[in-house]
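Down below is the structure, laid out as structure tokens.
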Amino acid sequence: MNILVSNLGFAFSGIGFVFLFLLLLTTKKQSLQKKLLYLICFFGVVWSLTSYSQFTAQWGIAPVLLAESCLNIALFLLLTSSLSNHQTLNKTITSSIQRGLLAALLIMASLAAIRMFSPILNLKLFLLFHLGQAIIGLWATEQLYRRTHRSETWAIKPLCLGLGVFFAYHFALYSDALLTSSIERGFWVGRGWIAVLAIPLILLTARRVSNWGSRVYVSREVIYHSTLLLVAGGYLLIMAIAGYYLKIQGQAWGSLAQSLFFALSGIVFASLFLSESFRNNLKVFITKHFFANKYEYRVEWMKVAELLDNQDNSPYDSALQAMVRPFGCEQALLAIQENNKFKIKADYQTADNHSEAQQLLSHLANPAVEHQWIIDIPQLKSGGEKTPFEINTLELPTNHPFYYVVPLTCSTGVKGVYLLSRPTSTDRLNWEDRDLMRAISMQLSVYLNVYHTNQKLAESRQFDTFNRMSAFLVHDLKNVVAQLQLINKNAVKHRHNPEFVDDAFETVESAVGRLNKVLHQLNNKRLEKQPTQSVNIIDTLQTVCEHRAVSLPKPTLQFNSTSNESVTYYHLSADADRLRNIFGHLIQNAQDATPQEGVVTVKAELKPDYFVIAIEDNGTGMSQDFIESRLFKPFDTTKGNAGMGIGAYDAKQFIEDLGGYIEVDSTLGKGTRFQVYLPVINENQTVIEK
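Residue numbers (this note's numbering): 5 to 694.
Right, dumping it as structure tokens:
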């Protein structure tokens with residue numbers, strides 16, 4: 005059992021090399037470094053198996069030394085190839101020192117292989133060989149780290165750290181063995197655990213270095229929680245050792261001292277893990293030392309989209325939270341430019357008095373927006389930031405929490421700035437923080453520009469509705485005026501005719517009703533939908549024709565039916581006044597387009613699916629282009645100031661609302677035929693009923 009427990013490190017290292025090999029298989033990209041990683045995985049598994057079996061199978065130390073020599077050669081080749089962009093060993097190992105060291109390693113491995121079958125050399129000499137291998141490994145690791153450009157050291161740092169510990173441990177092991185002429189067993193079996201530590205670091209570098217071909221993704225959350233677990237485990241282990249020491253040293257009071265110590269350490273442990281600052285600092289440490297980028301951009305954009313989709317907050321609050329969240333700012337403001345002045349639209353955990361912020365805005369907002377510049381206020385005051393504009397820093401307020409001014413601009417719309425306090429997610433802004441700020445700011449500027457555009461569009465629609473209502477009301481007033489003018493014109497000849505007097509009173513009564521409706525709609529500032537009622541179509545047409553008979557040519561009404569039912573029995577559920585106005589307008593248009601000696605005919609015909617009213621004339625007619633492009637276009641008229649250009653448009657809208665449609669057939673110089681189709685049965689109910 006003791007042997008199995010002491011060799012667990014080699015078992016885990018073997019599993020780790022197998023796992024690394026399987027992860028490398030997940031990508032198709034091939035490179036020299038990837039092939040060497042395959043080789044390292046193979047020799048790593050062999051080294052772990054021989055080390056594990058040294059005591060359990062009584063293999064002796066020779067196979068272990070041979071496997072370790074092969075593993076060291078593969079690691080040396082990986083370190084030297086990482087310094088070159090070439091993909092062959094001949095072009096990679098160019099210096100005489102590298103070739104000499106590789107030859108020495110190969111000779112040592114060969115001698116170790118020979119010693120497995122014939123003890124030609126003393127074991128102490130092999131310990132010296134492996135001490136030399138450890139020194140060569142440390143030299144190669146140092147060369148890789150020192151000769152790598154500073155901007156790329158983050159990529160190879162985990163590899164250098166892992167292999168540096170691996171070779172340093174072996175250096176200490178074999179140095180001790182040579183000094184004492186023996187290998188301490190605990191020291192020896194610890195190699196497995198050192199390998200377990202080095203494998204994840206090799207994997208991390210394989211992920212960071214693009215040409216190694218690894219596409220393994222390690223989540224920041226996984227690293228974060230794993231680090232928390234590791235810190236917790238280490239803390240508890242240290243506390244356990246300290247508690248055991250107190251128990252041993254305390255004698256009679258040892259158990260009590262141990263219990264009190266555990267209680268206090270538990271409180272400290274809970275306080276640390278509940279501390280927001282501790283967790284934030286840990287995230288910053290992990291981000292700095294384990295990842296190529298400070299931010300996980302896919303997650304960041306998903307969270308920004310989620311914030312912008314929140315309907316509970318105003319667009320300004322959502323935009324401010326989207327900027328604040330990635331950087332963990334404790335205070336922030338969003339100001340938008342209105343009438344050449346920046347007005348605060350949203351604030352986050354700031355005081356109600358924004359006088360200091362307004363002073364900052366008056367001095368820094370315009371330069372930030374004009375030059376698209378993220379201003380670092382402390383650096384600006386100390387003179388450490390070079391800007392494309394000049395600011396008198398003595399005029400800047402001092403009693404405020406803000407560190408940065410971030411411009412918010414859109415090429416054709418909103419302009420504004422963010423005032424941000426010191427970020428808690430980083431110690432100091434670098435190029436990556438500024439790029440993320442700019443990217444989020446650009447997205448939010450588009451978002452707010454769309455919001456402003458929608459606001460203006462809503463206002464424009466309200467004005468359009470009001471203008472449309474006004475046009476229809478004026479159109480109604482014009483019709484009333486036309487009726488009254490017609491009475492006044494005919495009064496000269498017919499004022500003593502009792503029938504004319506009766507018609508005049510009816511017309512005045514109708515005009516009063518229309519005017520009251522117009523006044524009611526003006527008071528309510530909207531066009532109200534009138535209640536529908538059962539309207540006899542033929543009676544309506546007869547009434548309209550009689551009213552239009554005062555103008556020439558007089559319209560004539562004709563009707564027939566292709567079915568067994570008479571058209572005179574059918575009614576339409578609609579607004580009676582508006583229906584009369586529609587037919588009256590169409591007949592009036594026919595009269596206006598026809599000379600007095602011409603003909604205007606109104607025909608009504610009942611067909612199986614539609615009630616068809618045709619209004620025909622032999623007037624001037626219209627071109628097909630005019631019918632398609634202008635006839636039903638609102639506010640487009642050929643009557644000059646006498647017309648509003650909405651009669652035909654209103655007729656088309658009203659008939660289509662009833663489920664019907666209008667067809668127009670016209671020829672220039674020959675006349676026009678308007679055919680109004682009213683459905684007998686629509687999708688929901690009978691429109692025309694007996």
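Cβ coordinates follow ideal geometry from the N, Cα and C atoms, glycine included. As the structure is a prediction and not an experimental result, all values here were calculated from the model.
Annotation for L165: the continuous alpha helix (DSSP H) segment containing it runs T157 to T184. Below 8 Å, enough C-beta pairs join the segment 132-152 and the segment 168-185 to call them touching: three or more. Contact between F678 and I619 holds: their C-beta atoms lie close to 4 Å from each other, under 8 Å.
In this structure, the beta-carbon distance from V421 to A372 falls below 8 Å. Less than 8 Å divides the Cβ of Y408 from the Cβ of L424. For R584, the enclosing alpha helix (DSSP H) stretches over residues A580 to D596. Setting aside the 5 residues that flank it on each side, I379 is surrounded in the same chain by L368, A372 and V409, each with a C-beta closer than 6 Å to its C-beta; the list follows chain order. Within its own chain, the residues whose Cβ lies closer than 7 Å to the Cβ of L79, once the five positions on either side in sequence are excluded, are I44, G141 and L167, listed in chain order. The alpha carbon of G190 has as its nearest neighbour, out of Y665, Y681, E436 and G13, the alpha carbon of G13. In the displayed model, D439 falls within a helix according to three-state DSSP.
For E342, the enclosing beta strand (DSSP E) begins and ends at A336 to E342. Annotation for S366: F346 place their beta carbon closer than 8 Å to its own, counting only its chain and skipping 5 residues before and after. Taken through DSSP and simplified to helix, strand or coil, G387 comes out as coil.
According to the DSSP assignment, Q537 belongs to the beta strand (DSSP E) that extends over Q537 to N540. Residue range V604 to L610 is occupied by the beta strand (DSSP E) that includes A608.
Pairing K637 with Y653 gives a Cβ-Cβ distance under 8 Å. Taking a C-beta distance under 8 Å as the contact criterion, G602 and P557 qualify as a contact pair. In this structure, the alpha-carbon of Q341 lies about 15 Å from that of Y455.
Of the other Cβ atoms in all chains shown, 16 or more fall within 10 Å of the Cβ of L610; this residue is therefore buried. Secondary structure of G673 (DSSP, three-state): coil. If you draw a 10 Å sphere on the C-beta of T402, you find fewer than 16 other C-beta atoms in it, and that means exposed. T560 and K460 have their C-alpha atoms roughly 50 Å apart. The residues L205, in chain order, have a CB closer than 8 Å to that of L165 in the same chain once the five nearest residues on each side in sequence are set aside. Taking C-beta separations shorter than 6 Å and ignoring five residues to either side along the sequence, the partners of E667 in its chain run Q679, following chain order.
Its Cα nearest to that of D439, the residue Q376 stands out among P683, Q376 and N396. The bridge partners DSSP lists for P411 are V421. For V616, the enclosing beta strand (DSSP E) stretches over residues Y614 to D621.
The continuous stretches of beta strand (DSSP E) do not include A369, and DSSP gives it neither H nor E. Distance between M112 and T430, taken at the CA atoms: about 49 Å. Between I586 and A655, the C-beta gap is smaller than 8 Å, which places the two residues in contact. In terms of CA proximity to S577, D661 leads the group D661, R499 and T547. About 6 Å separates the beta carbons of F171 and T145, which is inside the 8 Å limit, making them a contact pair.
Apart from the 5 residues on each side of it in sequence, I591 sits with its Cβ closer than 8 Å to the Cβ of V548, C549, R552, P559, V604, V606 and I619 in its chain, given in chain order. At the C-beta level, A107 and Y56 stay beyond 8 Å of one another.
Nearest C-alpha to A323 among Y352, T397, R302 and E334: Y352. In the DSSP assignment, P683 is bridged to Y614.
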